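Under the UniProt record's numbering, the letters of the sequence shown match residues 1 to 403, in that order.
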Amino acid sequence: MTTTFPASLGQTGPGPSPSRLSRARRSTRVLFAALGLVGGAWGVHIPSVKMHYGLDEAMLSLVLLSAAAGAVVSLFTAGRIVAWLGARGAARACALVMGLMLALVLHWPSLALLLPAMLVFGAAMSLYDVAINAEGSALEVMGGSAILSGLHGMFSLGAMGGAALAAGLLRLQVTPEHQLAGFGLLMALAVLAAARGMLDTHPAPEPHEGPQAQFAWPRGQLLVIGLLIFAGMSAEGVMYDWCVLYLKQELGMPQAQAGLGYAAFAGAMALARFAGDRLRARYPEDQLLAFSAGLSAFAMAVVLISGDPWVSLIGYALVGAGLAPVVPILYNAATRVPGTSRAAAIASVSSIGYSGFLIGPPLIGAIAHALTLTAAMGVVVVAASLLSIFSHRVPMADRASRP
Numbered sequence: 001m002t003t004t005f006p007a008s009l010g011q012t013g014p015g016p017s018p019s020r021l022s023r024a025r026r027s028t029r030v031l032f033a034a035l036g037l038v039g040g041a042w043g044v045h046i047p048s049v050k051m052h053y054g055l056d057e058a059m060l061s062l063v064l065l066s067a068a069a070g071a072v073v074s075l076f077t078a079g080r081i082v083a084w085l086g087a088r089g090a091a092r093a094c095a096l097v098m099g100l101m102l103a104l105v106l107h108w109p110s111l112a113l114l115l116p117a118m119l120v121f122g123a124a125m126s127l128y129d130v131a132i133n134a135e136g137s138a139l140e141v142m143g144g145s146a147i148l149s150g151l152h153g154m155f156s157l158g159a160m161g162g163a164a165l166a167a168g169l170l171r172l173q174v175t176p177e178h179q180l181a182g183f184g185l186l187m188a189l190a191v192l193a194a195a196r197g198m199l200d201t202h203p204a205p206e207p208h209e210g211p212q213a214q215f216a217w218p219r220g221q222l223l224v225i226g227l228l229i230f231a232g233m234s235a236e237g238v239m240y241d242w243c244v245l246y247l248k249q250e251l252g253m254p255q256a257q258a259g260l261g262y263a264a265f266a267g268a269m270a271l272a273r274f275a276g277d278r279l280r281a282r283y284p285e286d287q288l289l290a291f292s293a294g295l296s297a298f299a300m301a302v303v304l305i306s307g308d309p310w311v312s313l314i315g316y317a318l319v320g321a322g323l324a325p326v327v328p329i330l331y332n333a334a335t336r337v338p339g340t341s342r343a344a345a346i347a348s349v350s351s352i353g354y355s356g357f358l359i360g361p362p363l364i365g366a367i368a369h370a371l372t373l374t375a376a377m378g379v380v381v382v383a384a385s386l387l388s389i390f391s392h393r394v395p396m397a398d399r400a401s402r403p
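Below, the structure written as structure tokens:
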């Protein structure tokens with residue numbers, strides 16, 4: 001996941017030494033992995049939330065909607081908050097809030113209290129995402145090499161590890177309440193320790209970029225890119241939130257085994273993202289996006305048609321690999337749209353993209369309630385197909401100008 005670059009943290013004087021940059025890159029990898037760990041644990045335990053509070057698909061979608069709403073709303077002030085606290089301070093504060101909300105998710109006495117808690121959880125995750133991606137963007141500028149796709153790979157690797165660990169703990173009959181408390185504590189401690197290595201300052205904008213707006217309403221090409229990101233994040237959000245429940249409820253897999261589906265999706269996404277910077281350098285980005293999105297659409301269609309648990313695990317992996325380059329390609333494409341600064345472009349398309357997480361959960365819940373969860377998961381096929389069809393609208397990169 002990629003969001004805004006708050007450029008108000010300007011750098012003056014000489015930049016950090018190579019060893020300092022190397023330390024910051026290692027720390028940022030841990031920060032991305034920690035966010036993935038939370039996402040993986042949460043994804044596996046969405047069925048636990050459903051069971052604990054006695055929810056149907058429509059009510060469960062309301063819980064997911066609350067988290068997504070918090071994430072979207074916080075984006076409008078995220079740049080200012082990160083500029084105020086600094087990337088390090090924002091990451092630490094948000095990690096503490098995320099850890100606490102994750103630990104308490106199965107301890108609220110009613111759904112009425114769970115919903116505002118999920119709103120806070122989503123807002124903290126979004127702000128944290130802003131902070132660590134601001135750090136990653138700064139490291140690309142100061143280090144002179146592309147690293148964002150690899151950082152996103154660390155997020156996916158963390159998600160795979162969190163999902164696999166949660167599934168293993170379920171097999172050992174460790175209660176969901178104890179698991180989520182442990183994941184929350186582990187994530188918070190890891191972030192507090194790793195954040196010490198983050199950069200003290202971020203680079204100031206280049207003179208030709210002009211004033212760095214914190215947010216700009218999308219128009220023209222930015223709107224097109226934002227809508228493509230919306231499709232990609234909708235598909236990704238559906239997989240994160242519903243893929244385990246699909247295996248458990250529709251295909252009859254035990255939850256401990258169904259959690260492996262999340263791990264397969266996130267693990268394949270991680271591997272593909274680690275190779276993403278190299279693939280972007282070798283192939284035109286519009287062609288890479290068309291192929292990868294088409295792969296996701298085809299793989300998910302096979303999953304839904306087959307109805308086989310083990311075919312589904314393989315299919316989930318292919319869906320993850322296909323969706324992996326979407327965010328790095330499209331967010332970088334937004335920065336190439338003329339007439340707007342890098343920061344304003346990323347903030348603009350982020351607001352639309354995150355709306356995919358906002359609309360996806362209730363849409364899936366409504367379709368599942370009216371038809372079946374199998375039919376609802378077809379949203380992934382539709383969204384990935386749209387990405388593939390309209391990939392030619394992505395502004396092409398000048399290879400010579402890449403980091």
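Ideal Cβ placement from N, Cα and C applies to all residues, glycine included.
All values reported here derive from a predicted model rather than from experimental measurement.
Query, Result
"If you drop the 5 nearest sequence neighbours on each side, which residues of the same chain put their C-beta closer than 8 Å to that of E177?", "L106 and H107"
"Starting from the Cα of L64, find the closest Cα among H392, V380 and S355 and give me that residue.", "S355"
"List the endpoints of the continuous alpha helix (DSSP H) containing Q221.", "G220 to L245"
"Using a 10 Å radius around the Cβ and a threshold of 16 neighbouring Cβ atoms, would you call M51 buried or exposed?", "exposed"
"Going by alpha carbons, who is nearest to A34 out of A190, V73 and A71?", "A190"
"My output table needs one value for G40: the three-state DSSP class, helix, strand or coil.", "helix"
"For the alpha helix (DSSP H) containing F298, name the first residue and the last one.", "E285 to S306"
"How far does the alpha helix (DSSP H) with A71 in it reach, from first residue to last?", "E57 to L104"
"Can you give me the Cβ contacts of A256 inside the same chain, cut-off strictly under 8 Å, excluding the 5 residues immediately before and after it?", "A167, G168, L170 and R171"
"Can you tell me the Cα-Cα spacing of L247 and A317, whole angstroms?", "14 Å"
"Which residues in the same chain have their Cβ closer than 6 Å to the Cβ of E57, if we skip the five residues on either side of it in sequence?", "G365, A368 and H369"
"Can you say whether H392 is buried or exposed, counting buried as having 16 or more other CB atoms within 10 angstroms of its CB?", "exposed"
"On the three-state DSSP scale, how would you describe F390?", "coil"
"Just confirm the distance between the C-beta atoms of F265 and G320, as a whole number of angstroms; I'd bet it's less than 8 Å.", "4 Å"
"On a CA-only basis, which of S110, L60, G360 and G158 is nearest V38? Give me that one, please.", "G158"
"Do V380 and M253 have their C-beta atoms closer together than 8 Å?", "no"
"Three or more beta-carbon pairs under 8 Å between the region 96-116 and the region 135-153, yes or no?", "no"
"Could you check whether the region 73-87 touches the region 117-133, counting it as contact only if at least three pairs of C-beta atoms, one from each stretch, sit closer than 8 Å?", "yes"
"Reducing DSSP to helix, strand and coil, say where Q212 ends up.", "Because Q212 sits at a pLDDT of 48, beneath the cut-off of 50, its placement in the model cannot be relied upon, and the following sentence gives the value as read from the coordinates. Looking at Q212 - three-state DSSP - the assignment turns out to be coil, as it is neither helix nor strand."
"Under 6 Å Cβ to Cβ from residue 404, same chain only, skipping five residues before and after it: list those, please.", "What the structure shows of the chain is the stretch from 1 to 403, and residue 404 is not part of that stretch, so it cannot be assessed."
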